[in-house]
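In the working numbering, the protein residues as written are 5 to 291.
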């Protein structure tokens, strides 16, 4: 019996080159797309994280300062620390509007047998809000006998909107302070024309010479002159402020009595039509 030998056949098919490249590169493309998607999701989570099973909390905005409550605390401290041992009833009467059933009639203040004390000045230097409508102010008061004192005063804003003392005051320490912090390294102004304009502006500004000052100001400049006229002695330094839209000038000035001061001024400057002009000096009188 004779067997028929079969010969293998080869089929040649033509395929576009771009299809071959796509089939070979497709896994790599998919991997890159997945990596980019994961990176984008991570960046979004960092910028705006999504709460786990709860709505994102609203952005907390600090409440504006309660100026009336602050003044209430300062007035109480002034009256509390001002006393005359020979007229105790007058001191009790002065504190009476602040007191109520929860506090003693004299706010717990027992005067010595003799002497008196007056407050030369007082102002709030710190404030905190332990809970809504409750303020605790730290008030600094300069007295003529005990020196500089610090007191905390709790003040409530009632449901009716009125102010009320929230308890007894307390003597406390001063707010934490440290050594002066000078600005970091600043780039010195190297343009003589700008330095000349700044020196001339400060000379006229300190001397309260508005007519001379106007020549170096922009049309929209708003300047409020100091109430104490000074004469410019020298300009010690002139540096560019961060952002370089303004300059920082350190100067020495003298008053009419001969007292000399080292002062620092920030001036907004603008170059217009080849010359430097000043649009603001240290403060904005409209704010």
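Glycine included, each C-beta is placed from N, C-alpha and C at the ideal position.
Every value quoted in this text rests on a predicted model; they were computed, and no experiment measured them.
Buried/exposed call for residue i, threshold 16 Cβ in 10 Å
i, result
"residue 149", "exposed"
"residue 175", "exposed"
"residue 290", "exposed"
"residue 85", "buried"
"residue 257", "buried"
"residue 53", "Because the pLDDT at residue 53 is just 44, under 50, the model does not fix this residue reliably, and the value given afterwards should be weighed accordingly. Exposed, because fewer than 16 other Cβ atoms sit within 10 Å of the Cβ of residue 53."
"residue 269", "buried"
"residue 280", "buried"
"residue 180", "exposed"
"residue 142", "buried"
"residue 73", "buried"
"residue 209", "buried"
"residue 49", "Residue confidence is low: residue 49 scores 44 on pLDDT, short of 50, so the model does not pin down where it sits. Its coordinate-derived value is still stated next. Label assigned to residue 49: exposed."
"residue 284", "buried"
For residue i, the first and last residue of its enclosing beta strand (DSSP E)
i, result
"residue 272", "264 to 276"
"residue 80", "No beta strand (DSSP E) contains residue 80, which is instead part of the alpha helix (DSSP H) from 71 to 85."
"residue 186", "No beta strand (DSSP E) contains residue 186, which DSSP labels as neither H nor E."
"residue 127", "123 to 135"
"residue 175", "174 to 176"
Three-state class that DSSP yields for residue i in the structure shown
i, result
"residue 148", "coil"
"residue 141", "strand"
"residue 154", "strand"
"residue 279", "strand"
"residue 204", "helix"
"residue 230", "coil"
"residue 197", "helix"
"residue 113", "coil"
"residue 167", "strand"
"residue 108", "coil"
"residue 236", "strand"
"residue 252", "strand"
"residue 103", "coil"
"residue 59", "Reliability of the predicted coordinates at residue 59 is poor, the pLDDT of 44 falling under 50, and the value obtained from them is presented with this limitation in mind. Three-state DSSP puts residue 59 in coil, outside helix and strand."
Alpha helix (DSSP H) segment containing residue i, residue limits
i, result
"residue 94", "92 to 99"
"residue 248", "Per DSSP, residue 248 belongs to no alpha helix (DSSP H) and is neither H nor E."
"residue 217", "214 to 217"
For residue j and residue i, the rounded distance between their alpha carbons
i, j, result
"residue 216", "residue 194", "25 Å"
"residue 263", "residue 91", "42 Å"
"residue 153", "residue 173", "12 Å"
"residue 22", "residue 248", "Because residue 22 carries a pLDDT of 49, less than 50, the predicted location of this residue cannot be relied on, and the following value inherits that uncertainty. Between residue 22 and residue 248, the C-alpha separation is close to 55 Å."
"residue 221", "residue 229", "13 Å"
"residue 275", "residue 224", "14 Å"
"residue 202", "residue 166", "50 Å"
"residue 253", "residue 237", "13 Å"
"residue 134", "residue 110", "26 Å"
"residue 255", "residue 156", "39 Å"
"residue 191", "residue 240", "14 Å"
"residue 266", "residue 187", "16 Å"
"residue 102", "residue 204", "54 Å"
"residue 261", "residue 107", "51 Å"
"residue 164", "residue 112", "27 Å"
"residue 282", "residue 68", "33 Å"
"residue 100", "residue 77", "14 Å"
"residue 95", "residue 89", "9 Å"
"residue 62", "residue 71", "Bear in mind that the predicted position of residue 62 carries a pLDDT of just 48, short of 50, making it unreliable; the figure below should be weighed with that in mind. In a straight line, the C-alpha of residue 62 is about 26 Å away from that of residue 71."
"residue 196", "residue 75", "49 Å"
Distance CB(residue i)-CB(residue j) smaller than 7 Å
i, j, result
"residue 131", "residue 81", "no"
"residue 234", "residue 272", "no"
"residue 87", "residue 137", "no"
"residue 129", "residue 158", "no"
"residue 242", "residue 211", "no"
"residue 145", "residue 123", "yes"
"residue 83", "residue 98", "yes"
"residue 160", "residue 171", "no"
Proximity test, residue i beta-carbon vs the ligand ZN heavy atom, cut-off 6 Å
i, result
"residue 231", "For the ligand ZN, the structure offers nothing, since it holds no ligand at all."
Any C-beta of chain C under 7 Å from that of residue i
i, result
"residue 136", "Structure shown: chain C not included; a single protein chain is present."
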